[in-house]
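In UniProt numbering, the protein residues as written are 1 to 382.
Structure representation (structure tokens):
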């Protein structure tokens with residue numbers, strides 16, 4: 001679950017991380033009231049889960065009530081990279097002396113946590129990584145051992161954090177690690193982490209992604225969950241209980257198991273295609289589940305072909321094949337479908353599908369062959 005900035009600041013506050021006080025507003029009048037409470041100059045910030053708010057005009061500094069009213073009216077309802085601004089965060093403008101970047105996240109490849117720290121904050125960390133890769137300090141952390149104060153101090157030294165901010169940054173990093181671990185976050189990012197002109201270090205922004213698998217441990221997340229924004233595909237998938245993430249490609253993906261689904265996305269990319277989604281059926285691939293998956297993918301106008309990649313372990317491929325046939329009888333596809341079945345009773349499954357093969361239903365025996373065929377079809381339909 002990705003949090004909005006104001007929710008991320010609420011999350012940080014639970015772990016003692018200092019942030020700029022402010023208030024949330026969904027109307028112009030409420031934004032003006034919050035600006036009056038915060039004191040002028042006040043910053044009015046669009047609450048959207050996408051970068052580039054400032055460049056898009058979604059962050060403005062108001063020096064009085066009239067400006068607060070004007071800026072709030074312009075920002076509320078604004079479209080920023082396809083995200084509609086429904087609320088703004090209003091806080092007193094900070095006097096910034098220095099800006100830094102700090103985050104904890106997961107490095108799945110290394111199977112460790114990762115601290116990233118830079119003295120170049122206030123810009124996208126990806127831009128820093130490209131223009132000045134040596135300006136970022138990376139520290140891998142064993143989840144069992146955690147991170148020590150000495151490691152944090154070494155990182156702050158390596159990042160060349162200003163001496164006047166040194167102790168403040170160390171303190172924030174210690175608290176941020178606690179928030180990341182105890183708060184079951186996949187990402188806890190502060191950009192910028194600022195040193196103000198009074199010599200205090202605090203979080204000016206907050207980007208937090210929470211692990212949905214830990215929801216049962218955090219009843220306090222319930223209110224945040226109500227504000228999660230899904231696109232039409234993701235909303236439908238959630239209603240049908242599917243593990244689905246919408247992407248922007250042209251090959252619709254259906255697979256059983258998260259690992260196989262991710263591998264399918266990788267292979268599609270390797271042969272020159274682009275995935276329209278991640279969709280994991282889980283352990284089963286019944287007619288009902290397959291129908292639900294096809295219905296969700298059918299709502300995506302960008303999909304030019306559907307690639308079904310199933311490995312039969314506990315579930316037998318012949319049962320999957322029968323499920324697919326039944327599902328195709330329920331859902332009228334708007335794109336051809338390429339099917340790859342392997343594992344238990346795979347040959348039987350292919351025999352079941354053989355009479356129905358056509359230019360709109362193609363069966364391939366390997367994942368690579370299926371991916372190549374699907375990408376070929378997608379490129380023709382593009």
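For every residue, glycine included, the Cβ atom is placed at its ideal position computed from N, Cα and C.
Computed from a predicted structure; not experimentally measured.
CB-CB under 7 angstroms to residue i, same chain, minus the five flanking residues each way: which ones, in chain order?
i	result
residue 318	345, 348, 349, 352
residue 51	124
residue 303	250, 252, 276, 297, 335
For residue i, collect the residues of the same chain with a Cβ closer than 8 angstroms to its Cβ; drop the 5 residues on either side in sequence, then sort them by chain order.
i	result
residue 193	99, 100, 101, 102, 121, 169, 172, 201, 202, 203, 204
residue 267	367, 368, 371
residue 196	94, 95, 96, 97, 202
To which residues of the same chain is residue i closer than 6 angstroms at the C-beta, ignoring the five residues directly before and after it?
i	result
residue 137	117, 155, 158, 159
residue 249	274, 275, 276
residue 247	275, 276, 277
Taking only the alpha-carbon atoms, compute the straight-line gap between residue i and residue j and give it to the nearest angstrom.
i	j	result
residue 338	residue 299	18 angstroms
residue 375	residue 239	29 angstroms
residue 44	residue 57	10 angstroms
residue 301	residue 28	36 angstroms
residue 64	residue 90	13 angstroms
residue 14	residue 127	31 angstroms
residue 206	residue 92	16 angstroms
residue 38	residue 24	11 angstroms
residue 208	residue 290	33 angstroms
residue 305	residue 257	20 angstroms
residue 36	residue 21	13 angstroms
residue 294	residue 134	46 angstroms
residue 190	residue 70	29 angstroms
residue 221	residue 9	13 angstroms
residue 259	residue 199	48 angstroms
residue 358	residue 109	41 angstroms
residue 119	residue 139	15 angstroms
What three-state label does DSSP hand residue i in the structure shown?
i	result
residue 260	helix
residue 180	helix
residue 336	coil
residue 124	coil
residue 105	strand
residue 278	strand
residue 19	strand
residue 357	coil
residue 79	strand
residue 185	strand
residue 91	strand
residue 139	strand
residue 208	strand
Can you give me the start and stop residues for the beta strand (DSSP E) that residue i sits inside?
i	result
residue 329	Not the beta strand (DSSP E): residue 329 falls in the alpha helix (DSSP H), residues 317 to 330.
residue 311	305 to 312
residue 46	42 to 46
On the three-pair Cβ rule with 8 angstroms, is the stretch 210 to 229 touching the stretch 27 to 34? Taking a contact to require three or more Cβ pairs closer than 8 angstroms, the stretch 210 to 229 and the stretch 27 to 34 do not qualify as touching.
Cβ pair count under 8 angstroms reaching 3, the stretch 75 to 86 against the stretch 172 to 185: These segments do not touch.
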